[in-house]
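Asks: Numbered as in the working numbering, the sequence shown ends at 1364 without a single skipped number. Just so you know, even glycine gets a beta-carbon here, dropped at the ideal spot from N, CA and C.
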Amino acid sequence: MDQAAQAKKGKAIIIGGSMGGLFAGNLLLRAGWQAEIHERVPGPLSDRGAGIVTHQELLHALKLAGATVDETLGVSIPSRVTFDRQGRSIAELPYEQLLTAWSRLLGVLEDAFPARHYHHGKALARIEQDADSVTAFFEDGTQATGDLLVGADGIRSATRAQAMPGIEPVYAGYVAWRGLVEESELGPQAHEALMERFAFYLPPNEQILTYPVAGRANATSKGARRINFVWYRPADEETELRRLQTDASGRHHAGGIPPTAIRPDVLDEVRKAATDTLPPVFAEVVHKTPLLFFQPIFDLECERMAAGRVALLGDAAFVARPHSGMGVTKAAYDALELTEALGSEAGIHQALARYQAERGRFGRSIVGHARNMGACMLANPRSAHEREMARRYRDPGPLMRETAVSLRYLKLDQPGSTTATASTRP
Ligand SMILES: Cc1cc2nc3c(=O)[nH]c(=O)nc-3n(C[C@H](O)[C@H](O)[C@H](O)COP(=O)(O)OP(=O)(O)OC[C@H]3O[C@@H](n4cnc5c(N)ncnc54)[C@H](O)[C@@H]3O)c2cc1C
């Protein structure tokens, strides 16, 4: 589309150039907007996510965003399994799924977006808006003015802090230890048990899951893949989390410790816990992980997703715990709904009102569902509902049927139900 046609639709200033920002940029650009992405990180984004599970809904959104979706996107598996402490299968579930890597997904979205409209090293400092326009001021002293500002700047969103102050993430009480191991490093038993399926084990108040993902240079052929794991472990915020996030020099990284700053004694403890509590095939994966790291788990809910000419999207607006495996898909459909509302409503304010109503409803549902799934990590459930959810998701049946599945298999207005064929938009 030429510049004149784009100018007719308007100019969108997008803050944050990760999954949500790239979905918004690609979709708005294809709908005739001038879309400019402003990302705080000066160079290429680091691989912050390891494995990412996909759903049909996500693949559909990727195609609409102009990304190439083919068999090289990830590794396909046919089923799920839960093991006991000895590594024997205690429950299985046929469930086909494509598993990809955060960097791979980011790559296909980046390829679809013109590099000249992606601006690195632009950290949002503040926003000003009036009846006709909105302006982003960046920390490097530059600014950008447009008709719409999209805050896709993640869980600690500076856009949210400016436009809807006072909304903060709430720590869930546990962390996710994560890592990747080359398929070729696995012994025959671990390879046999883990490489062709999604596998779970449930130590008391913990949960570990593994699945295969693409290997180096996005290789998906057998022998060249990797195994990805996520191991949820409780960590009290004031004591254990603080200890985990303190580096060897004594500095406490309250906003998240970089993987390379995690103390060697903390890593040794986690490896020992793997030996002491996990089936040998899972323990082997933890031991062989070259870069072991953790992410604290949070909930975030926003009462408002729009303020004037500003809209929030993705993790900036709602963060559902990773049990739902829905973070990227949610960001994608936020961007899709925003683009559609802008295309069919009379003006930006009407479009943002529709966007907020639709996506706010979905955001609250998925956060609630994922919170229910996380109840089994609580040492002391605080209510009858939490106790019921903890019981429910310690059962491999509901756990495997609802962890990171397509929304077709969830009934989000009744979190915990699995039997529905609801077609809620993700
Ligand atoms: C353990 C774990 C496992 C997960 N597994 C899955 C999964 O299997 N499937 C799935 O779909 N999701 C998964 N997720 C969630 C998923 O990673 C997120 O939902 C997704 O990355 C959100 O994308 P986003 O673009 O909204 O935010 P982010 O990816 O956080 O991106 C925000 C961007 O904004 C930039 N930024 C921040 N501040 C500023 C500023 N002031 N100015 C400019 N730019 C700024 C940041 O640098 C960043 O690039 C998982 C999450 C965790 C923690």
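#1: Check whether the segment 1128 to 1139 and the segment 1291 to 1301 touch, using three or more Cβ-Cβ pairs below 8 angstroms as the test.
#2: Check for me: the beta strand (DSSP E) holding residue 997 runs from which residue to which?
#3: From residue 1068 to residue 1085, what distance separates their C-alpha atoms?
#4: Whose CA, out of 955, 968 and 959, lies closest to the CA of residue 979?
#5: With C-beta atoms as the reference, is residue 1115 less than 9 angstroms away from residue 1230?
#6: Cβ-heavy atom distance between residue 1111 and ligand 1 below 8 angstroms?
#7: Mind checking which residues open and close the beta strand (DSSP E) that includes residue 1120?
#8: Would residue 1323 be called buried (16 or more neighbouring beta carbons within 10 Å of its own) or exposed?
#9: Closer than 8 angstroms by C-beta to residue 1065: which residues in its own chain qualify, once you throw out the five before and the five after it? Chain order, please.
#10: Is residue 1241 helix, strand or coil by DSSP?
#11: What are the start and end residues of the alpha helix (DSSP H) that includes residue 1282?
#12: Since I believe residue 969 is in contact with residue 1306 (beta carbons under 8 angstroms), could you give me their beta-carbon distance rounded to a whole number of angstroms?
#13: Could you pull out every residue in the same chain whose Cβ sits closer than 7 angstroms to the Cβ of residue 1180, ignoring the five residues on either side in sequence?
#14: Take residue 1138 and list the residues in its own chain whose beta-carbon comes closer than 6 angstroms to its own, dropping the five residues that flank it on each side.
#15: Please tell me whether, using a cut-off of 8 angstroms, the distance from the CB of residue 1260 to the nearest non-hydrogen atom of ligand 1 is below it.
#16: What residue ranges within the segment 1050 to 1093 form continuous beta strand (DSSP E) runs of no fewer than 3 residues, ordered along the chain?
#17: Would you identify the three-state DSSP class for residue 1166, choosing helix, strand or coil?
#18: Should residue 990 be listed as close to ligand 1, given that the test is whether its C-beta is under 8 angstroms from any heavy atom?
#19: Say whether the segment 1267 to 1284 touches the segment 1222 to 1242, bearing in mind that this needs 3 or more beta-carbon pairs closer than 8 angstroms, one atom from each stretch.
#20: Is there contact between the segment 1151 to 1170 and the segment 1193 to 1202, where contact requires at least three CB pairs shorter than 8 angstroms?
#21: Answer with buried or exposed for residue 1183, where buried requires no fewer than 16 other C-beta atoms within 10 angstroms of its C-beta.
#22: Skipping 5 residues on each side, what residues in its chain have a beta carbon closer than 7 angstroms to that of residue 952?
#23: Would you say residue 1319 and residue 1328 are within 9 angstroms of each other, going by their C-beta atoms?
Replies: On the basis of the coordinates in this document:
#1: no
#2: For the purposes of this step, residue 997 is identified with residue 59 of the sequence shown, where counting begins at 1. No beta strand (DSSP E) holds residue 997; the alpha helix (DSSP H) holding it covers 994 to 1002.
#3: Locating residue 1068 in the sequence shown gives position 130, where the first residue counts as 1. Locating residue 1085 in the sequence shown gives position 147, where the first residue counts as 1. Approximately 10 angstroms between the Cα atoms of the pair.
#4: Translated into positions along the sequence shown, residue 979 becomes position 41. When each option's Cα is compared against that of residue 979, the closest is 955.
#5: The residue given as residue 1115 occupies position 177 in the sequence shown. The residue given as residue 1230 occupies position 292 in the sequence shown. A contact, by the Cβ cut-off of 9 angstroms.
#6: Numbered from 1 along the sequence shown, position 173 holds the residue referred to as residue 1111. Residue 1111: no, Cβ never under 8 angstroms from ligand 1.
#7: Here residue 1120 refers to the residue found at position 182 of the sequence shown. Its beta strand (DSSP E) spans residues 1108 to 1120.
#8: Residue numbering aside, residue 1323 sits at position 385 when the sequence shown is read from its first letter. It counts as exposed.
#9: The count along the sequence shown starts at 1 and reaches residue 1065 at position 127. The residues are 1072, 1073, 1074, 1075, 1087, 1097, 1100, 1101 and 1248.
#10: Along the sequence shown, one-based indexing puts residue 1241 at 303. It is coil, neither helix nor strand.
#11: Numbered from 1 along the sequence shown, position 344 holds the residue referred to as residue 1282. Counting along the chain, the alpha helix (DSSP H) containing residue 1282 begins and ends at 1265 to 1282.
#12: One-based indexing of the sequence shown puts residue 1306 at position 368. One-based indexing of the sequence shown puts residue 969 at position 31. For residue 1306 against residue 969, the beta-carbon gap comes to about 31 angstroms, at or over 8 angstroms, which does not count as contact.
#13: Looking up residue 1180 in the sequence shown gives position 242. Cβ within range, chain order: 1190.
#14: In the sequence shown, counting from the first residue as 1, residue 1138 sits at position 200. These residues qualify, in order along the chain: 1020 and 1147.
#15: Position 322 of the sequence shown holds residue 1260. Yes, ligand 1 has a heavy atom inside 8 angstroms of this Cβ.
#16: 1062 to 1067, 1072 to 1076, 1081 to 1084 and 1086 to 1089
#17: What you label residue 1166 is simply residue 228 of the sequence shown in a count that begins at 1. Of the three classes helix, strand and coil, the one that applies to residue 1166 here is strand, per DSSP.
#18: As a working mapping, residue 990 is identified with position 52 in the sequence shown. At a cut-off of 8 angstroms, the beta-carbon of residue 990 counts as near ligand 1: some heavy atom of the ligand is closer than that.
#19: no
#20: no
#21: For this step, residue 1183 is matched to residue 245 along the sequence shown. Flag for residue 1183 reads buried.
#22: Here the question's residue 952 lines up with position 14 in the sequence shown. The answer, listed in chain order, is 959, 962, 963, 973, 974, 975, 976, 1088 and 1090.
#23: Locating residue 1319 in the sequence shown gives position 381, where the first residue counts as 1. Locating residue 1328 in the sequence shown gives position 390, where the first residue counts as 1. A contact, by the Cβ cut-off of 9 angstroms.
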